[in-house]
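Trainee: In this note's numbering, each residue's number is its place in the sequence shown (first place is 1) plus 15.
Cβ atoms here follow ideal geometry from the backbone N, Cα and C, with glycine treated the same way.
Here it is, the structure, as structure tokens.
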Amino acid sequence: MFKATLDRLRSGLSKTKTNLVDRIASAVGLHKNIDDDLLGELEEILIQADVGVATSQKLVEELKQKSSREKIETSDRVMEILKDEIKAILSQTRIDSSTAAGFPRVIMVIGVNGTGKTTSIGKLAHKFKEKGKRVAIAACDTFRAAAIDQLEIWAHRAGADFIRSQPESDPAAVAFDAVQAGLARKTDVVIIDTAGRLHTKVNLMEELKKIRRVISKINPFFPQEILLVLDSTTGQNALSQVKLFQEAVGPTGLILTKLDGTAKGGVVIAIADQLKVPVRYIGVGEKIEDIEEFEPEEFVEALFS
16 MFKATLDRLR SGLSKTKTNL VDRIASAVGL HKNIDDDLLG ELEEILIQAD
66 VGVATSQKLV EELKQKSSRE KIETSDRVME ILKDEIKAIL SQTRIDSSTA
116 AGFPRVIMVI GVNGTGKTTS IGKLAHKFKE KGKRVAIAAC DTFRAAAIDQ
166 LEIWAHRAGA DFIRSQPESD PAAVAFDAVQ AGLARKTDVV IIDTAGRLHT
216 KVNLMEELKK IRRVISKINP FFPQEILLVL DSTTGQNALS QVKLFQEAVG
266 PTGLILTKLD GTAKGGVVIA IADQLKVPVR YIGVGEKIED IEEFEPEEFV
316 EALFS
């Protein structure tokens, strides 16, 4: 299982590996010593891979400090230090949501349109179904009929129950009914889709707050998770989206999509370091099974191997 996951990750992260790790290894190999020229070059490579200025400087400074404490004579040791530092950054936000209180497990999925939210919900439902869970998907983006139809296709593919309402129904009321239905049917996981119309930012945020507030009346622990879907190809712009949603509804975790199609996977490191929001899942392909629970060790291993 681990090997299959690692192979899928390696394949999905190949562009980021080329843009980040391979370039670092090449730069290190061309320098005999860890000097200011090399450190400056490494910082530039990290920034270009969307690790972000602050996090890149932090990683380079840590390498500089360690090189002054120990005599580093091999490029392998430089790579090992960077690998360990990246792993430490990614591990600091790790959470175990399997012990979240309340039944069913209610997951509210948020994010702007175009990030891969619908696809991610389908993949997530499939992942839970593979674990033998009964899953329901609630279509609470009630003002986009096409989005509801698309979500229904994914629900059927995943083998999940699908809950929809009349067009333009109150999204919070649909979410409330879906959770109640989940309780009555002894559903294990209820995934709530939400709107992502960012051009009406204030209204969208109020709508999300209302959904969260209404379903918490059923059980104060609901929703146990609020997952924000981010398109990793947007690089540093993903950070501003996290900040926007943090102010409104406080996502408990992230789903990073399209990692297989970008060289900007370094944004994962920047988000963990600067915003302290854990990455919960990553999308590494187009197939329904191409979503992985984010494990820092596996991610870094795939990146550096």
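Output the distance between the C-alpha atoms of L243 and K47, rounded to the nearest integer angstrom.
Mentor: By 1-based counting over the sequence shown, the position of residue 243 is 228. By 1-based counting over the sequence shown, the position of residue 47 is 32. L243 and K47: Cα-Cα distance of roughly 44 angstroms.
Trainee: Keeping to the same chain, check which residues put their C-beta closer than 7 angstroms to that of G131; ignore five residues upstream and five downstream.
Mentor: Locating residue 131 in the sequence shown gives position 116, counting from the first residue. For G131, where only same-chain residues beyond five positions count, the Cβ hits under 7 angstroms are V244, D246, T272, K273 and G298.
Trainee: So, is D99 buried or exposed, given that buried needs 16 or more other C-beta atoms within 10 angstroms?
Mentor: Residue 99 sits at position 84 when you count from the first residue of the sequence shown. Exposed is the call here.
Trainee: Is the distance from the Cβ of I39 to the Cβ of V315 below 8 angstroms?
Mentor: Locating residue 39 in the sequence shown gives position 24, where the first residue counts as 1. Locating residue 315 in the sequence shown gives position 300, where the first residue counts as 1. No, the Cβ-Cβ distance between I39 and V315 is not below 8 angstroms.
Trainee: What does the alpha-carbon distance come out to for the pair T249 and N128?
Mentor: Position 234 of the sequence shown holds residue 249. Position 113 of the sequence shown holds residue 128. T249 and N128: Cα-Cα distance of roughly 13 angstroms.
Trainee: Quick check on DSSP: helix, strand or coil for E59?
Mentor: As a working note, residue 59 is residue 44 in the sequence shown. If DSSP states are grouped into helix, strand and coil, E59 belongs with the helices.
Trainee: Use the C-beta contact count for Q195: other C-beta atoms within 10 angstroms, 16 or more gives buried, fewer gives exposed.
Mentor: The residue given as residue 195 occupies position 180 in the sequence shown. Within 10 angstroms of the beta-carbon of Q195 lie fewer than 16 other beta-carbons, which makes it exposed.
Trainee: How big is the Cα-Cα spacing for I178 and L269?
Mentor: As a first step, residue 178 must be located in the sequence shown, where it is residue number 163. As a first step, residue 269 must be located in the sequence shown, where it is residue number 254. Counting only the Cα atoms, L269 lies some 24 angstroms from I178.
Trainee: Could you name each continuous beta strand (DSSP E) segment of 3 residues or more that falls completely within the stretch 125 to 204, going from the start of the chain to the end?
Mentor: 150 to 154 and 176 to 178
Trainee: Could you tell me if H141 is buried or exposed, where buried requires 16 or more neighbouring beta carbons within 10 angstroms of its beta carbon?
Mentor: Taking the first residue of the sequence shown as 1, we reach residue 141 at position 126. Buried, by the Cβ-count rule.
Trainee: Name the DSSP beta bridge partners of E307, please?
Mentor: The sequence position of residue 307 within the sequence shown is 292, counting from 1. DSSP lists I297 as partners of E307.
Trainee: Among K302, S26 and A193, which residue has its Cα nearest to the Cα of D176?
Mentor: Numbered from 1 along the sequence shown, position 161 holds the residue referred to as residue 176. Taking only the C-alpha atoms, the option nearest D176 is A193.
Trainee: Near A278, which residues of its chain fall below 6 angstroms by C-beta distance, leaving aside the five closest residues on each side in sequence?
Mentor: As a first step, residue 278 is located in the sequence shown; it is residue number 263 there, counting from the start. K30, T31 and N34, listed in sequence order.
Trainee: From the DSSP output, which residues share a beta bridge with M123?
Mentor: Position 108 of the sequence shown, counted from the start, is the residue given in the question as residue 123. Bridge partners of M123: I207 and I241.
Trainee: Between V36 and the rest of its own chain, which residues show a CB-CB distance below 6 angstroms, the 5 nearest in sequence each way excluded?
Mentor: Position 21 of the sequence shown, counting from 1, holds the residue named residue 36. Cβ neighbours of V36 beyond the five flanking positions: L318 and F319.
Trainee: Name the two residues that bound the continuous alpha helix (DSSP H) containing G44.
Mentor: Residue mapping note: residue 44 aligns to position 29 of the sequence shown, counting from 1. Per DSSP, G44 belongs to the alpha helix (DSSP H) from V36 to G44.
Trainee: Please classify F17: is it buried, with 16 or more other beta-carbons within 10 angstroms of its beta-carbon, or exposed?
Mentor: In the sequence shown, the residue the question calls residue 17 occupies position 2. Summary for F17: the model assigns pLDDT 49, below 50, so the residue's position carries little reliability; its value from the coordinates is reported in the next sentence. The residue is exposed, with fewer than 16 neighbouring Cβ atoms inside 10 Å.
Trainee: Below 8 angstroms between beta carbons: does that hold for K138 and D203?
Mentor: If you number the sequence shown from 1, residue 138 lands on position 123. If you number the sequence shown from 1, residue 203 lands on position 188. Taking 8 angstroms as the Cβ cut-off, K138 and D203 do not qualify as a contacting pair.
Trainee: What would DSSP say about T277, mapped onto helix, strand or coil?
Mentor: On the sequence shown, position 262 is the one that residue 277 refers to. Correct three-state label for T277: coil.
Trainee: Tell me where the alpha helix (DSSP H) around T70 begins and ends.
Mentor: In the sequence shown, residue 70 corresponds to position 55, counting from 1. T70 -> alpha helix (DSSP H) spans V68 to R84.
Trainee: Do we get a CB-CB distance below 8 angstroms when we pair L245 with the residues of chain D?
Mentor: Among the chains in the structure shown there is no chain D, since it carries only a single protein chain.
Trainee: Rank A173, I206 and A199 by C-alpha distance to the C-alpha of R120 and give the top, closest one.
Mentor: Residue 120 sits at position 105 when you count from the first residue of the sequence shown. Closest by alpha carbon: I206.
Trainee: Please classify F314: does DSSP put it in a helix, a strand, or coil?
Mentor: Position 299 of the sequence shown holds residue 314. Looking at F314 - three-state DSSP - the assignment turns out to be helix.
Trainee: Is V124 near S135, with beta carbons less than 8 angstroms apart?
Mentor: The residue labelled residue 124 in the question sits at position 109 within the sequence shown. The residue labelled residue 135 in the question sits at position 120 within the sequence shown. Going by C-beta atoms, V124 is nearer than 8 angstroms to S135.
Trainee: Can you tell me whether DSSP reads I286 as helix, strand or coil?
Mentor: Within the sequence shown, numbered from 1, the residue matching residue 286 stands at position 271. Three-state DSSP puts I286 in a helix.
Trainee: Is the beta carbon of L254 less than 8 angstroms from the beta carbon of L290?
Mentor: Within the sequence shown, residue 254 is the residue found at index 239, counting from 1. Within the sequence shown, residue 290 is the residue found at index 275, counting from 1. Yes, the pair counts as a contact, with Cβ atoms nearer than the cut-off.
Trainee: Mind checking which residues open and close the beta strand (DSSP E) that includes I270?
Mentor: The count along the sequence shown starts at 1 and reaches residue 270 at position 255. That run of the beta strand (DSSP E) goes G268 to T272.
Trainee: Among residues of its own chain, excluding the 5 on either side of L54, which ones have a beta-carbon nearer than 8 angstroms to its beta-carbon?
Mentor: Mapped onto the sequence shown, residue 54 falls at position 39. The residues are V75, L78 and K79.
Trainee: For A64, report the span of its alpha helix (DSSP H) as first-last.
Mentor: For this step, residue 64 is matched to residue 49 along the sequence shown. Note, A64: premise wrong, no alpha helix (DSSP H); not H, not E.
Trainee: Opposite D246 in the DSSP bridges: which residues?
Mentor: Numbered from its first residue, the sequence shown carries residue 246 at position 231. Paired residue(s): T272.
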